[in-house]
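Have a look at the structure below before the remarks.
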Amino acid sequence: TLTQPGTYKITYIIVPSTTVPQSTVGLSFNGSNTPSAASTTAINASPNTPIVGQEVYTTTSPGTTVRIIGTSPTSGTLNYSNANLSIIKVSD
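Listed below in structure tokens is the structure:
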């Protein structure tokens, strides 16, 4: 949860633990089930191949929530062994 308004650099890394079905991974804001278009990465990766994405997001009000989500047009599961979300405030 971002507690202060400002501009943030948000970077994520996911390391799949199994072969990944065709999927889209990205950042979701305020509980949305659709990843932000500016942050999405289309994937179809092998195990242990890191997936990296980033977005600069401007929030105008405190309380914005951020999470990494994955969606897939096909059935399957995005199993991962590691995930990291880095949020750095770059300006007010």
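With the numbering used here applied, the sequence shown corresponds to residues 7 to 98, in that order. All C-beta atoms in this analysis are idealised placements derived from N, C-alpha and C, irrespective of residue type, glycine included. As the structure is a computational prediction, the values presented were derived from the model and not from experiment.
Shown here for valine 96: same chain residues with a beta carbon closer than 6 Å to its own, the five before and five after excluded, namely Thr13 and Lys15 in chain order. Under the three-state reduction of DSSP, serine 45 is assigned to helix. Closest in C-alpha terms to alanine 44, from the list Ile20, Gln10 and Thr64, comes Thr64.
Taking every protein chain shown into account, the CB of leucine 84 has 16 or more other CB atoms within 10 angstroms, so this residue is buried. The beta carbons of phenylalanine 35 and valine 62 sit about 13 Å from each other, so the pair does not count as a contact at 8 Å.
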